[in-house]
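*Asks:* Protein chains in written order, with the working numbering: chain D, 1 to 336; chain A, 337 to 579; chain V, 580 to 818. Even glycine gets a Cβ: it sits at the ideal position worked out from N, Cα and C. Bear in mind the structure is a predicted one, so any value in this text is a computation, not a measurement.
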Amino acid sequence: MGPAGQRGRSRPGTHRLRFGAVALIALIAALFVAACGSSNSGSSSSTPSPSSATSTPAASSQPGKGKPSVTLGTKDFTEEFILGQLYKQALQHAGYTVNYKENIGATEVIDKALTSGKINAYPEYTGESAVTVAGVNKTVKSPQEEYNIAKAFYAKRGETMSQMTPFFDVDAIAVKKAFAQKNGLKTLSDLKKLKSFTLGARPEFANREQGAAGMKKDYGLNNFTFKSLALGIQYQALDSGKVDSADVFTTDPQLASGKYTVLKDPKNIFGFQNIALVINTKKLQALGGDQFMAIINKINSLLTTPAVISMNKAVAIDKQSAAAVAKSFLQANHLI
Amino acid sequence: MIGSATTFAAGGPVIPNFGKGDPCVVRNGQFCAHWFFQNFSSRFLPRVVEHIELTAIAVSVGTVIAVTAAIVAYRHRWLETPFSLFSAFLYTIPSLAFFEIMVQITGINRFTAEIALVSYTLLILFRNTLTGLQGVPRPSIEAANAMGLTDRQRLFRVELPLALPAIMAGIRIATVTIISLTTVAAFIGVGGLGEPIFNAIQTGFKTQFLAAGILAILLALIADLLLVIAQRALSPWTRARRT
Amino acid sequence: MSAFLIATSDSFAHAFTFFGNNTHLMWEKTLAHLKIAFASCGVAFILAVPLGVWLGHLHKGSFFAINVSNIGRALPSLAVISIGIAIFGIGFTNVLVALVILAGPVMLTNAYVAVDQVDRNAVQAAYAMGMKPWQVLLRVEVPLALPLIFAGIRTATVYVVATATLATFAGGGGLGDIIVNEASYGVAGVVAASLTITALAFATDAVLALIQRFVTPVPMRARLGGRRTQQVRAATETI
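1) Just checking my contact of D:Asn-297 with D:Gln-163 at CB under 8 Å: how many whole Å lie between their CB atoms?
2) For the beta strand (DSSP E) that contains D:Glu-124, what are its first and last residues?
3) Which residues of the region 97-114 of chain D have a Cβ closer than 8 Å to any Cβ of chain V? Give them in chain order.
4) In whole angstroms, give me the CA-to-CA distance for D:Pro-266 and D:Ala-172.
5) On the criterion of 16 or more Cβ atoms from any shown chain inside 10 Å, does D:Pro-50 qualify as buried, or is it exposed?
6) Would you mind sorting A:Ala-566 into buried or exposed? The rule is 16 or more other CB atoms within 10 Å of its CB.
7) Considering only the beta carbon of each residue, do V:Ile-666 and V:Ala-746 sit closer than 8 Å?
8) Can you pull the chain A residues whose beta carbon is under 7 Å from the beta carbon of V:Ser-773, in chain order?
9) Within the same chain, show all residues whose beta-carbon is closer than 7 Å to that of D:Cys-36, passing over the 5 residues directly before and after it, in chain order.
10) Could you tell me which uninterrupted alpha helix (DSSP H) segments, each at least 4 residues in length, are contained entirely in the region 720-788 of chain V, listed from first to last along the chain?
11) By a C-beta neighbour count over all protein chains shown, 10 Å radius and 16 as the cutoff for buried, is A:Gly-355 buried or exposed?
12) For a contact meaning CB atoms closer than 7 Å, what does V:Thr-736 contact in chain A?
13) State the CB to CB distance for the pair V:Asn-689 and V:Ala-730, rounded to an integer number of angstroms; the pair is presumed to be in contact (CB under 8 Å).
14) Can you have a look at V:Ser-641 and say buried or exposed, based on whether 16 or more other CB atoms are within 10 angstroms of its CB?
15) Output the residue ranges of the alpha helix (DSSP H) runs that lie fully inside the region 308-332 of chain D and measure 4 residues or longer, sorted by chain position.
16) List the endpoints of the continuous beta strand (DSSP E) containing A:Gly-549.
17) Would you say A:Ser-476 faces chain D, with C-beta separation under 8 Å as the test?
18) From V:Val-692 to D:Phe-77, what distance separates their C-alpha atoms?
19) So, at 8 Å on beta carbons, what are the nonlocal neighbours of D:Lys-193 in its own chain, with the 5 sequence-adjacent residues on each side left out?
20) List the residues of chain V whose Cβ lies closer than 8 Å to the Cβ of A:Phe-548, in chain order.
21) Could you tell me the distance, in whole angstroms, from the CA atom of D:Met-311 to the CA atom of A:Leu-458?
22) Quick one: give me the first and last residue of the beta strand (DSSP E) that A:Ile-460 is part of.
23) Which chain A residues sit within Cβ distance under 7 Å of D:Gly-232?
24) As a quick exercise: from D:Lys-227, D:Ala-307 and D:Gly-232, pick the residue whose alpha carbon is nearest that of D:Lys-242.
25) Taking the alpha helix (DSSP H) that V:Met-686 belongs to, which residues open and close that run?
26) Let me know the secondary structure DSSP gives D:Glu-159 once reduced to three states.
27) Flag this pair as yes or no: are the beta carbons of D:Gly-66 and V:Ala-762 separated by less than 8 Å?
28) Grouping DSSP H, G and I as helix and E and B as strand, with all else coil, what is A:Leu-390?
29) My guess is that D:Thr-139 and D:Asn-268 are in contact by the Cβ rule of under 8 Å, so how many angstroms apart are they, rounded?
30) What number of angstroms, rounded off, separates the C-alpha of V:Met-708 from the C-alpha of V:Arg-699?
31) In angstroms, rounded to a whole number, what distance separates the CA positions of V:Ser-661 and V:Ala-644?
32) Contact criterion: CB-CB distance below 8 Å. Does D:Val-325 meet it with respect to chain A?
33) Considering Cα atoms alone, identify which of D:Thr-225, D:Thr-74 and D:Lys-88 is closest to D:Leu-330.
34) Answer yes or no: do D:Lys-259 and A:Ile-444 have a C-beta to C-beta separation smaller than 8 Å?
35) Apart from the five residues on each side of it in sequence, which residues of its chain come closer than 6 Å, Cβ to Cβ, to V:Val-697?
36) Let me know the beta strand (DSSP E) ranges lying completely inside the region 157-219 of chain D, each 3 residues or longer, listed in chain order.
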């Protein structure tokens, strides 16, 4: 306790100090209210979304109620964002609690996230599973063969694959149409005709068998310089002439514009890439096994190439949000 | 061109009509204002809120840790160097790497991001608080002792208030730094204004780059301004007066 | 806690093997990193320092000169790069412009304050001796202001070396390429690249500190104040 003379006597200037302190505290308090009061939003939402206004699910069609939450991740490009949103929204509609982690990274990174338990499931391409993850570098003759290799591998590791989609989306090399006409390029082997050329692709493409390494090995292409491009700017780089050729995905909506020629891959080094959800088996059982998978398989059965390309276009070209596009698709097909 | 809904043969999907794209957006014009205003509340505003949350938590926690450490170091000199070195070490780790490495240890969540962000605040806040405390004029301390204040009373009634300008300056610099680093934190998927930026890299969408960039800059400048005002309000005696 | 320690020591060990196995890659990326950093600092120097010196000489524009560094410091670097991508597209130019915007203000403010606060007596004596303004500037003001000008260059350069990591997002190359590409290079690569950037920042600071000391006239070295004075100044700057 201070000397009696100090108590109760307001020192000059104290009121301004107090006002400033109150202002600062109010500012901080406002921030915290905003933090706690704002609803969860964005890519790491962990609350189940309320049922959509168009349909009210009956109690029996809510298999997710009472089950543990599932952490669903996606890779780092548009098509995966759409797939992720499709699964997420359908699962949430069925009562599941989905922890959504979008944009984790390329195959190597997201697979590590799966095995280390940071995520429970993510949509994967069968070829990526077989070649990049499992390391089985066979050239296969059909999508089913690729799927079987992947499924067997994951089963050994403790993961389960859903059924695969009808559509597949493989890597391909594209050049500008004028460039193809000028140099007579129709297939990958035709690239041997060029003295040298630049190939732009996302960094991990360089060392992959289903990538630049495979191009060197199986097509004998040693005349190119690899240019690392952040995933997504390959079309800009092609357009501006920064690279002669670029690695693209066959379901990219930009390919529908007619500006580019996609070179054929007769040796099938880029394999088959249908989508299937890979999920930790123990987690799957906790989530209700077949009931859970039924939802995923239903969605997958609807993903034909035209469907996927139109959704890709809406998101990549028309810049609609993946969430909105997925919602429209699910509603049109009565899944939510 | 996707026209009205197309139905396929038995079992095929219904592909809804997603609508025609805004021509400005389709040709990737410099800035499509219409798209921006249409999508602001669904795609940008939540990111702004996330950004503020992440920053506020990091600076608050950092302030608590650093000010406490500085108070301890003020009494016990030996703590100053180790803590300084430690916080300086944390500060020099490139932010991208810090986030990526923390993911390996604590997973993909806000906690991971906050550990890194808090680490970046420690150096400036510790240094500034300690300097502020050490800069308290001797006469003030002696006067406080003469009035019979205990050490703790002196700390809270004399030393900390006099150190306030330095502490506030530190909070200001820390806040602005963390706002900048939080944009990078979006790389590990925790949201914030960096997320539209990284998302735009997928599509090259200029409007998204500009919108997210400008919003982040505005946020930083407004925060800086508010903190300058708070700093001045809390330490009026540092301003020159004509009396 | 033990998982953390194991992970850390593991990564560090692997990082060093990464250096050994990928020497060419590390060398190439480091050179690219330094190239973009020093090019930006060079441009920033040419634009900011003469302007700051000139304004300081005229004792004009103090509000602008002093506040520009506050704004520069506040700008989120990734946001500046993001706007740059929208305007300039990907590539070296975009990153160069962004880093110049981030480095320039600090250099400008320091140059201004340095020349503005040169001892008035010395300046007046110089005028009294009949020197013309430009002579006063070059022979008296700049030499006396050099240490503080240099401090600004030093701060800005170290900051740019660290921030050039983000150049990777705009296709600018550098060690950031490795850090964002954990898929190809693994955690070992990420740690190796981070250590390199940290080492580069420290090395740059050390080299510039040496040059700064070299450039400071001996009598001024003590007067400019030791660590404590500079800390107090830095700690309490309001505007």
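*Replies:* Short version:
1) 5 Å
2) 121-125
3) Result list: Gly-105, Ala-106, Thr-107, Glu-108 and Val-109.
4) 11 Å
5) Legend: pLDDT at D:Pro-50 = 43, less than 50; position of this residue unreliable, no value from coordinates given.
6) buried
7) The beta carbons of V:Ile-666 and V:Ala-746 sit no closer together than 8 Å.
8) Result: Ile-429, Pro-430 and Ala-433.
9) Note that D:Cys-36 scores 44 on pLDDT, short of 50, meaning its location in the model is unreliable; the coordinates nonetheless yield the value given after this. Closer than 7 Å at the Cβ level, and outside the excluded window around D:Cys-36, lies no residue.
10) 721-742 and 755-759
11) exposed
12) Those within 7 Å of V:Thr-736 in chain A number zero; the least Cβ separation is about 15 Å.
13) 6 Å
14) By the 10 Å Cβ count, V:Ser-641 comes out exposed.
15) 322-332
16) That residue, A:Gly-549, is in no beta strand (DSSP E); its alpha helix (DSSP H) goes 542-570.
17) Taking Cβ atoms only, chain D never reaches closer than 8 Å to A:Ser-476, which makes this a no.
18) Their backbone Cα atoms lie some 48 Å apart in a straight line.
19) Asn-183, Gly-184 and Leu-185
20) For the sequence presented, residue 548 of chain A should be read as Ala rather than Phe. The contacting residues are Ala-658 and Ser-661.
21) 46 Å
22) No beta strand (DSSP E) holds A:Ile-460; the alpha helix (DSSP H) holding it covers 446-470.
23) Ile-537, Gln-538, Thr-539 and Gly-540
24) D:Lys-227
25) 671-695
26) strand
27) no
28) helix
29) Contact holds; Cβ gap of about 6 Å.
30) If I take the Cα positions, the gap works out to 14 Å.
31) Distance between V:Ser-661 and V:Ala-644, taken at the CA atoms: about 26 Å.
32) yes
33) D:Lys-88
34) no
35) Glu-720, Leu-723 and Ala-724
36) 159-161, 171-176 and 197-201
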